[in-house]
Amino acid sequence: MFRLRVLFSIQLITICLVQYGTTANRFVDVNEVWEHWKYVHGRTYEQWEEGDRFETWLDNVAFIQAHNLRYQLGLEQYGMAVNEFADLTWAEFVATYRSGLVDPRVSGTSAAGNRTEEPIYVSHEAPDSVDWRQKGLVRRVKDQKNCGSCWAFSTTGVIEGQFTKRYGQQLEFSEQQLVDCSRKYGNHGCNGGLMTNSYKYLKTAGLESETDYPYLGNDTRCSTKPTLGVVKVQSFRTLTNGSETGLMNMVAEFGPIAVGIDADDGFQFYRTGIYTSTKCSKRLLNHAVLVVGYNSEGGTPYWIVKNSWGSSWGEDGYIRMARNRNNMCGIASLASVPQIVKTK
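So the sequence shown is numbered by our numbering: it starts at 956 and just counts up by one.
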């Protein structure tokens, strides 16, 4: 069975592999490509593991190339790439990269937070397009590594935007502090959390800079220093009704917005284009990201979304997600922005 799967994958790769500059009528040395991929991504395996990883990689490459053939024919709106996740099964990918957002019902809190949250009011009509990267409100793309901490990156991202917007300073904040120190507010470190739980924690503790409390990518003991806290949360606003118009108004009015989404199987290998899915859920959210703007291309509106899987994933670490498609992937089901105050 394994041999048949490998032969099928090789045949499909030979037909449509384009990632390494090959053409349909040129023979592909799959072993050479595999060795090159391992070199590029720094992969080494134990001898007993190599065969299984190669089989998984072949299956994924065949899947990616079949999708990209449809993309080239105009049957898909986004392209895929043989990226650093190509040796992971879907189950392995899910375990780390789709497990970072806990269900509010399980965490014992509500997605909307508490009674002190503020309703959303906008002071003007939203423009046709917004990109807060161009205004300096978005910091560099980071990598959560092998840790389900996307919620922490979404939290720091929205706070970084608010900090620059209010104080005119560009500073990166600590995800590791949130991973280590916010458990009693309902977060679970590398096993998931919520942005609203993080805001509650930051009402009592100052958030330190990335420099003072650097990211490690695993659960460690809380080691904050109160004198190093830079910013606290006073209150926060939420949007949980699925209104993309409401989310557009939030982005235009306040800046980058923390959101939860259902990152379905197309996310693993997304490379470019406007991500469109009919399979992802509006309610079962599993990944936290940052909406930094919105625009349209060729008549197709989209959200500009910052991810936390490193800058080599997607469009330099970003994904464009289809907008005004009935709250696709739940992007307007768990949106929030805090009001912050500088503590030093």
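Glycine included, each C-beta is placed from N, C-alpha and C at the ideal position. Since the structure is predicted, the reported quantities are computational estimates derived from the model, not experimental observations.
Taking the alpha carbon of residue i as the reference point, which residue from the options has its own alpha carbon closest?
i, options, result
"Asp1174", "Tyr1154, Glu1130, Arg1192", "Glu1130"
"Ala1160", "Gly1269, Pro1181, Tyr1140, Ile1286", "Pro1181"
"Arg1008", "Ser1084, Ile1114, Glu1115, Trp989", "Trp989"
"Ser1054", "Val983, Lys1299, Trp1003, Asp1219", "Asp1219"
"Gly1210", "His1242, Val1186, Val1093", "Val1093"
"Gly1201", "Tyr1168, Val1246, Glu1165, Trp1003", "Val1246"
"Ser1164", "Glu1115, Ala1207, Leu1030", "Glu1115"
"Asp1271", "Val1296, Gly1228, Thr1298, Arg1192", "Gly1228"
"Lys1187", "Tyr1170, Asn1196, Leu1162", "Leu1162"
"Val1113", "Ser1137, Arg1088, Cys1136", "Arg1088"
"Asp1083", "Cys1177, Ala1207, Asn1023, Lys1090", "Ala1207"
"Trp1264", "Glu1004, Gly1184, Ser1109", "Ser1109"
"Val1049", "Ser1266, Ser1267, Asp1217", "Asp1217"
"Ala1243", "Thr1151, Pro1169, Met1203, Val1296", "Thr1151"
"Thr1298", "Lys1139, Tyr1122, Tyr1140, Asn1241", "Tyr1122"
"Tyr1168", "Arg1025, Gly1141, Thr1111, Gly1029", "Thr1111"
"Gly1269", "Leu1240, Phe1222, Asn1241", "Phe1222"
"Glu987", "Asn1196, Ala1107, Leu1013", "Leu1013"
Excluding the 5 residues flanking residue i on each side, which residues of the same chain have their C-beta closer than 7 Å to its C-beta?
i, result
"Val1057", "His1143, Gly1147, Gly1148, Leu1149"
"Phe1018", "none"
"Met1205", "Ile1075, Leu1194, Ile1212, Ala1290, Val1292"
"Ile1274", "Tyr1225, Tyr1230, Val1260, Asn1262"
"Cys1145", "Cys1102, Gly1103, Ser1104, Val1134, Asn1173, Asp1174"
"Arg1238", "Gly1285, Ser1288"
"Val1037", "Gln974, Trp992, Val1016, Ile1019"
"Met1035", "Ile1019, His1022, Asn1023, Phe1224, Tyr1225, Arg1226"
For residue i, I'd like the list of residues in its chain whose CB is within less than 6 Å of its CB, leaving aside the five on either flank, ordered along the chain.
i, result
"Gln1294", "Gln1189, Ser1190"
"Gln1125", "Thr1119"
"Met1283", "Ala1277"
"Leu1171", "Gln1131"
"Gln1032", "Gly1228, Ile1229, Thr1231"
"Val1296", "Lys1187, Gln1189"
Identify the continuous alpha helix (DSSP H) that holds residue i and give its terminal residues.
i, result
"Val983", "Run containing Val983: none; DSSP gives neither H nor E here."
"Ile1286", "Per DSSP, Ile1286 belongs to no alpha helix (DSSP H) and is neither H nor E."
"Asp1213", "Strictly speaking, residue 1213 in this sequence is Ala, with Asp absent from that position. Careful: Ala1213 lies outside any alpha helix (DSSP H), inside the beta strand (DSSP E) at 1212 to 1216."
"Phe1209", "1199 to 1209"
Sorry if obvious, but does the Cβ on residue i come closer than 7 Å to a heavy atom of the ligand SAH?
i, result
"Tyr1026", "This structure simply doesn't include the ligand SAH, nor any ligand for that matter."
First and last residue of the beta strand (DSSP E) that includes residue i?
i, result
"Asn1250", "1242 to 1252"
"Thr1227", "1225 to 1230"
"Lys1261", "1255 to 1261"
"Arg1275", "1273 to 1277"
Please work out which residues of its chain come closer than 8 Å, Cβ to Cβ, to residue i, disregarding the five sequence neighbours upstream and downstream, and give them in chain order.
i, result
"Asn1279", "Glu1199, Pro1256"
"Thr1166", "Glu1127"
"Ser938", "No information on residue 938 is available, as it lies outside the stretch 956 to 1299 that the chain covers here."
Is residue i close to chain B, meaning its C-beta is less than 8 Å from at least one C-beta of that chain?
i, result
"Gly1141", "Going by chain labels, chain B is absent from the structure shown, which holds only one protein chain."
Open item on the list: Can you confirm whether the region 1227 to 1238 touches the region 1091 to 1104 when touching is taken to mean that 3 or more C-beta pairs between the two stretches lie within less than 8 Å?
Closed with: no
- [ ] Go through the region 976 to 1047 residue by residue and report every complete run of the beta strand (DSSP E) that reaches 3 residues or more, in order.
- [x] 1033 to 1035
Open item on the list: In chain order, what are the residue ranges of uninterrupted alpha helix (DSSP H) at least 4 long that sit wholly in the region 1070 to 1124?
Closed with: 1105 to 1122
Task: Segment contact, 8 Å Cβ cut-off, at least three pairs: the region 1004 to 1019 with the region 1032 to 1049 - done: yes
Open item on the list: Please give the ranges of any alpha helix (DSSP H) in the region 1124 to 1197, keeping only runs that are unbroken, at least 4 residues long and fully inside the region.
Closed with: 1130 to 1136, 1150 to 1156
Task: Three-pair Cβ contact test at 8 Å for the region 1250 to 1259 versus the region 1151 to 1159 - done: no
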